[in-house]
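Written below as structure tokens is the structure these notes are about.
Number of protein chains: 2
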Amino acid sequence: MKQLTPAEESYLKVIYHISEGGKRSVSTNDISFKMKTKPASVSDMLRRLGEKEVIEYRKYYGVNITETGKKLALQTIRKHRLWEVFLVEKLRFSWDEVHEVADELEHIRSKLLIQRLDEYLGFPKFDPHGDPIPDEFGDVRARPRVALSDLEVNTTGQIVAVKDSSAAFLRYLDKVGAYIGARIKLLEKVEFDGSVEILVDNKKTIFMSKDVAGNVLVML
Amino acid sequence: MKQLTPAEESYLKVIYHISEGGKRSVSTNDISFKMKTKPASVSDMLRRLGEKEVIEYRKYYGVNITETGKKLALQTIRKHRLWEVFLVEKLRFSWDEVHEVADELEHIRSKLLIQRLDEYLGFPKFDPHGDPIPDEFGDVRARPRVALSDLEVNTTGQIVAVKDSSAAFLRYLDKVGAYIGARIKLLEKVEFDGSVEILVDNKKTIFMSKDVAGNVLVML
DNA sequence: TAACTTTTTTAGACAAATCAAAAAATAATT
DNA sequence: AATTATTTTTTGATTTGTCTAAAAAAGTTA
Ligand SMILES: [Mn+2]
Ligand SMILES: [Mn+2]
Ligand SMILES: [Mn+2]
Ligand SMILES: [Mn+2]
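Chains as they are written, first to last, in UniProt numbering: chain A, 1 to 220; chain B, 1 to 220.
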């Protein structure tokens, strides 16, 4: 019985994402925050996910995702990101509009659909936010990336992803003219507040607060 | 409260389709057959749909769809058919593979998605089975069509739709070489069993049983 | 009209997903 | 270590969607 319901898939995806954030065990509260549900609902869901053996659940001590759980989560993430590419590349959505729709589309269950979509999109390796798209076996080829805020002055690089992909943040980046693929050079870093000044495509200078720069990921 | 759940949308769509089939009131049994659920489940759903005023429900006497119900059903049908076009035109699905996937995709709720999909597909007027795609206001421009079995000998026409769009039937049509858009001429009609012989694209002759011909729709 | 058949509804149960309120366990602080 | 604060789980309810079995209504036939 490895078949998950849409809700279970969503919870598992969230658990996977929090796990990847480095922390050892994932807490009920963290999940409830990300899922926008109450902790009581989470406890209930954890019991079910535990029964299906996609997580290891020790009451009061949080959860750890299992290997099968990880595989399943990566399949959902793959679908989510492929749909995001579709929405942006083919339907002219902007990168801040795709997330909610992809959150629905990711639960459509058809192997053929995803294979064909992947092919149709030209087997993309990254989604509109620069996140890697797992292959059909759940393998992700991650590229080394560093926060813009951690760069040293005069270093050059390329914006490859964003850490925060909330609509508000993405629209802000649009406004200031930062985008995935942009060639950048760190011109100045203010000691006082950690804010930075960067040169984009050898043309335009942008100022960013430390907070913003910390959510922009760069490949050297 | 005009928002329907996916299940409610599916029931309503089925009720709409049966209604269009000419019958006055739609029976619980007919719905249960099409929905592949038990009559008891249907009764329950009819109560809910009645409360939401998308159908008029008189216990024991079947249901009639209301005007608002019709509007909503047509929106779901629009989405279903647009997705079918997408699957066939863009993802190389064959016309017998699209139905189940479209039945899932049709419930994705995003106005923008459907607008953009429509635009991306070039505002198609018919789906892969020749059925008309309602516009965003629920208007359908139906074209006059007649069953191949009702044609007179020597009449010419064009195959524009199928009445039965089960995978088995569609694959059979593929096998014999009948397709939407084919120019045909009725060569012979056997009195004995109602079977017909047709000429396709002035090239190939096909034999069809009365049953098959009755499910192929032609425009003169 | 009465008896039988078919259809439909009701009653009672269950699984999934959610919540609020209360209880229990764990963590933090004096 | 005892008290307080926080987190997590439990309990009990609710909604949606489904089922089986039983009851009721409608339709058909003799
Ligand atoms: Mn996303
Ligand atoms: Mn993304
Ligand atoms: Mn269909
Ligand atoms: Mn169709």
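Even glycine gets a Cβ: it sits at the ideal position worked out from N, Cα and C.
Does ligand 4 have a heavy atom nearer than 6 angstroms to the CB of residue i?
| i | result |
| --- | --- |
| His-129 (chain B) | yes |
| Glu-53 (chain A) | no |
| Glu-84 (chain B) | yes |
Taking the straight line between their C-alpha atoms, what separation do you get for residue i and residue j?
| i | j | result |
| --- | --- | --- |
| Val-14 (chain B) | Val-26 (chain B) | 10 angstroms |
| Leu-173 (chain A) | Glu-152 (chain A) | 21 angstroms |
| Ile-108 (chain B) | Glu-106 (chain A) | 11 angstroms |
| Ala-213 (chain B) | Gly-69 (chain A) | 51 angstroms |
| Lys-90 (chain A) | Ala-178 (chain A) | 22 angstroms |
| Asn-29 (chain A) | Glu-20 (chain A) | 17 angstroms |
| Glu-188 (chain B) | Lys-34 (chain B) | 35 angstroms |
| Met-45 (chain B) | Ile-198 (chain A) | 60 angstroms |
| Arg-92 (chain B) | Leu-121 (chain B) | 14 angstroms |
| Leu-186 (chain A) | Lys-175 (chain A) | 19 angstroms |
| Glu-8 (chain A) | Lys-52 (chain A) | 10 angstroms |
| Pro-39 (chain B) | Leu-148 (chain B) | 35 angstroms |
| Asp-164 (chain A) | Thr-37 (chain A) | 21 angstroms |
| Ser-10 (chain A) | Ile-180 (chain A) | 27 angstroms |
| Tyr-16 (chain A) | Gly-157 (chain A) | 29 angstroms |
| Phe-126 (chain A) | Val-140 (chain A) | 10 angstroms |
| Glu-67 (chain B) | Ile-18 (chain B) | 15 angstroms |
| Phe-207 (chain A) | Ala-168 (chain A) | 17 angstroms |
| Glu-104 (chain B) | Asp-150 (chain B) | 35 angstroms |
| Arg-24 (chain A) | Pro-124 (chain B) | 52 angstroms |
| Leu-110 (chain A) | Asp-193 (chain A) | First, the amino acid is wrong: residue 110 (chain A) is Ser here, not Leu. If you take the alpha carbons of Ser-110 (chain A) and Asp-193 (chain A), they lie about 50 angstroms apart. |
| residue 289 (chain B) | Pro-6 (chain B) | No information on residue 289 (chain B) is available, as it lies outside the stretch 1 to 220 that chain B covers here. |
| Thr-205 (chain A) | Val-190 (chain A) | 15 angstroms |
Quick one: using the 10 Å Cβ neighbour count with 16 as the cut-off for buried, is residue i buried or exposed?
| i | result |
| --- | --- |
| Leu-112 (chain B) | exposed |
| Met-219 (chain A) | exposed |
| Ser-166 (chain B) | exposed |
| Asn-215 (chain B) | buried |
| Tyr-60 (chain B) | exposed |
| Phe-86 (chain A) | buried |
| Glu-100 (chain A) | exposed |
| Asp-201 (chain B) | exposed |
| Gly-130 (chain B) | buried |
| Pro-128 (chain B) | buried |
| Gly-22 (chain A) | exposed |
| Ala-182 (chain B) | buried |
| residue 235 (chain A) | Here chain A comprises residues numbered 1 to 220, so residue 235 (chain A) is not present and cannot be evaluated. |
Consider the C-beta atom of residue i and the heavy atoms of ligand 3; say whether any pair is separated by less than 6 angstroms.
| i | result |
| --- | --- |
| His-107 (chain B) | no |
| His-99 (chain B) | yes |
In chain order, what residues of the same chain lie with their CB nearer than 8 angstroms to the CB of residue i, ignoring the 5 residues before and after it?
| i | result |
| --- | --- |
| residue 296 (chain A) | One cannot answer for residue 296 (chain A) here, as it falls past the ends of chain A, which runs 1 to 220. |
| Leu-12 (chain B) | Leu-4, Leu-49, Val-54, Ile-55, Ile-65, Gly-69, Leu-72, Ala-73 and Thr-76 |
| Thr-155 (chain A) | Lys-185, Leu-186 and Leu-220 |
| Lys-2 (chain B) | Lys-52, Thr-68 and Leu-72 |
What residues in its chain sit with their C-beta under 6 angstroms from that of residue i, if we drop five residues either side in the sequence?
| i | result |
| --- | --- |
| Ser-195 (chain A) | Ser-209 and Lys-210 |
| Ala-102 (chain B) | His-80, Trp-83 and Glu-84 |
| Leu-57 (chain B) | A small fix is needed here, since residue 57 (chain B) is Tyr in this sequence, not Leu. The residues are Leu-46, Gly-50 and Val-63. |
| Val-42 (chain B) | Thr-28, Ile-31 and Ser-32 |
Is residue i close to ligand 1? I mean its beta-carbon at under 6 angstroms from any heavy atom of the ligand.
| i | result |
| --- | --- |
| Ala-102 (chain A) | yes |
What does a CB cutoff of less than 7 angstroms around residue i pick up in its chain, not counting 5 residues either side in sequence?
| i | result |
| --- | --- |
| Asp-118 (chain A) | Leu-82 |
| Arg-145 (chain B) | Val-160, Ala-161, Leu-217, Val-218 and Met-219 |
| Trp-95 (chain A) | Val-88, Pro-128, His-129 and Leu-170 |
Problem set entry | Every unbroken beta strand (DSSP E) within the stretch 177 to 201 of chain A, with a cutoff of 3 residues, ordered by chain | 183 to 189 and 196 to 200
Exercise. Can you give, in chain order, each stretch of the alpha helix (DSSP H) that sits fully within the stretch 7 to 89 of chain A and has at least 4 residues?
Worked result: Qualifying alpha helix (DSSP H) stretches, in chain order: 28 to 35, 39 to 51 and 67 to 89.
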